[in-house]
Amino acid sequence: MKNILIIGCGLLGSSILRRIHKKKIANQIFIYEKSSANVSKIKRLKLPGIIIKNLDQAIKKSDLIILSTPMSEYKNLILKMNKSLSSKNIITDIGSSKIETSKIIKNFLKKGIIWTQGHPIAGSEVSGPENGKQDIFENKWCVLIKDKNTKKKHLTLLSNFWKKMGSKIVIMTAEKHDKI
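Numbering (this note's numbering), first residue to last: 335 to 514.
Structural data, given as structure tokens:
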């Protein structure tokens, strides 16, 4: 992947950022973060990546878009992103509830755009970019969600991405994920 956009750069977003940088998974990493406190921390920590204010430009330049925000932000983000999304973008997320996310995606994501849901089973009781760790995904499971809209190509690309991140992959439906 050439360019990756991380939307939300708290604990998991900054951990993803650190790992992508360490493993040289992308040429450029864009960061979209609405919390000015987190932006200040990212700058102070000198985290790798380009902080962007213009979401549209970053979407157009990105191959992979990772939502690393609270799920309560998904609808607003989708509505903001829709006009810039194209079929070249691969979208994923790291949220923990998949049935609810499926409904939001189905109702609000622009038609013809594929979003392959993900859930790396990693994290800790602390939050914020200052607590991110580049090895947080090492030997942890990452669940990828397969539904009727999932493209095999996207599932393969995301499986490879998460394997490079150090994760073990399991693929299941949103219903099975949420039940577990």
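Here a beta-carbon is modelled for each residue, glycine too, at the ideal position from N, C-alpha and C.
Original post:
Sorted by chain position, which residues of the same chain lie with C-beta nearer than 6 Å to Lys467's C-beta, five sequence neighbours on each side aside?
Top reply: Excluding sequence neighbours, Lys467 sits near Ser349.
**OP:** Measure the CB-CB distance between Ile385 and Ile393 and report whether it falls below 8 Å.
**Re:** No. Outside cutoff.
Original post:
Is it buried or exposed for Asn410, if we count other Cβ within 10 angstroms and need 16 for buried?
Top reply: Per the 10 Å Cβ criterion, exposed.
Original post:
In this structure, what does DSSP give as the bridge partners for His488?
Top reply: BP columns for His488 are empty, so no partner.
Subject >> Val477 and Leu345 closer than 8 Å at C-beta >> reply: Contact flag unset, no.
Original post:
Which same chain residues, not among the five before or five after Thr484, have their C-beta less than 8 Å away from its C-beta?
Top reply: Hits under 8 Å: Ile448 and Thr450.
**OP:** Starting from Gly452, trace the beta strand (DSSP E) both ways and give me its first and last residue.
**Re:** Element bounds for Gly452: Gly452 to Pro454.
Original post:
Counting along the chain, where does the beta strand (DSSP E) carrying Gln362 start and finish?
Top reply: Note, Gln362: beta strand (DSSP E), Gln362 to Tyr366.
**OP:** Please specify which runs of the beta strand (DSSP E), each continuous and at least 3 residues long, are wholly inside the segment 412-484, giving them in chain order.
**Re:** Complete beta strand (DSSP E) runs here, min 3: 424-427, 452-454 and 475-479.
Original post:
Does the pairing of the segment 349-368 with the segment 435-448 give three or more beta-carbon distances under 8 Å?
Top reply: Counting Cβ pairs under 8 Å, fewer than three are found: no touch.
**OP:** Taking Thr426 and Leu492 to be in contact with their CB atoms under 8 Å, please state how far apart those CB atoms are, rounded to whole angstroms.
**Re:** So it is a contact: roughly 6 Å between Cβ atoms.
**OP:** With a 10 Å radius around its C-beta and 16 neighbouring C-beta atoms as the bar for buried, classify Ser406 as buried or exposed.
**Re:** By the neighbour-count rule (16 or more Cβ atoms within 10 Å), Ser406 is not buried but exposed.
Original post:
Applying the criterion that 16 or more other CB atoms from any shown protein chain within 10 Å of the CB defines a buried residue, is Glu472 buried or exposed?
Top reply: Looking at its Cβ environment, which holds fewer than 16 other Cβ atoms inside 10 Å, Glu472 is exposed.
Subject >> Paired residues, beta bridge with Val504 - DSSP >> reply: In the DSSP assignment, the residues bridged to Val504 are Val477.
Original post:
Grouping DSSP H, G and I as helix and E and B as strand, with all else coil, what is Leu398?
Top reply: Reduced to three states, the DSSP call for Leu398 is strand.
Subject >> Selection from Ile359, Ser374 and Met335 that minimises the alpha carbon distance to Cys343 >> reply: Minimum Cα distance to Cys343 is reached at Ser374.
Subject >> Opening and closing residue of the alpha helix (DSSP H) in which Asn388 lies >> reply: First-last for Asn388: undefined, no H or E at that position.
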